[in-house]
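Have a look at the structure below before the remarks.
Residue numbers (the numbering used here): 5 to 171.
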């Protein structure tokens, strides 16, 4: 075997090794992503099943995982008649709360209220849940310093209930 053939063979093996390492990294990444997302997907599936058991929910447009004093899973969607509803399911699956979306403030309105009240903070997201037995939007913001803030806004009136700052 000539020197050129040896170099070619080493190059081929190096290329095969590189491809195998990259393939292993990709498979590992996909596995980690799948497993890390599984609890969220499972919670959504279970909350949807419970919501459909207690309501006429036919279509789910949004899912929220809300934790304050307790954990709630909330679904926005439509019932058989086309009414936009929100279904809030506690982690234990008991005492499901059903709301007509038209009877409260929307996610967007809650976020806009917080943005108006705290113009120096950047609004990130909102989640629907229950706080002190009342439906609320938990709006997450960040300050200029990067600290996270949570503003609880009542679903019924859109008023601020509580703010947890600089976490």
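For every residue, glycine included, the Cβ atom is placed at its ideal position computed from N, Cα and C.
| Item | Value |
| --- | --- |
| According to DSSP, is residue 77 part of a helix, a strand, or is it coil? | strand |
| What are the boundary residues of the beta strand (DSSP E) that includes residue 126? | 126-135 |
| Enumerate, from N- to C-terminal direction, the unbroken alpha helix (DSSP H) stretches of 4 or more residues contained entirely within the segment 91-171. | 111-121 |
| Would you check if there are 3 or more beta carbon pairs closer than 8 Å linking the segment 143-160 to the segment 110-130? | yes |
| Using 8 Å as the Cβ pair cut-off and three pairs as the minimum, do the segment 48-61 and the segment 111-120 touch? | no |
| In angstroms with no decimal places, state the Cα-to-Cα distance between residue 60 and residue 83. | 5 Å |
| Starting from residue 63, trace the beta strand (DSSP E) in both directions and tell me its first and last residue. | 61-71 |
| So residue 102 and residue 91 are in contact, right, with Cβ under 8 Å, and what is the actual spacing, rounded? | 5 Å |
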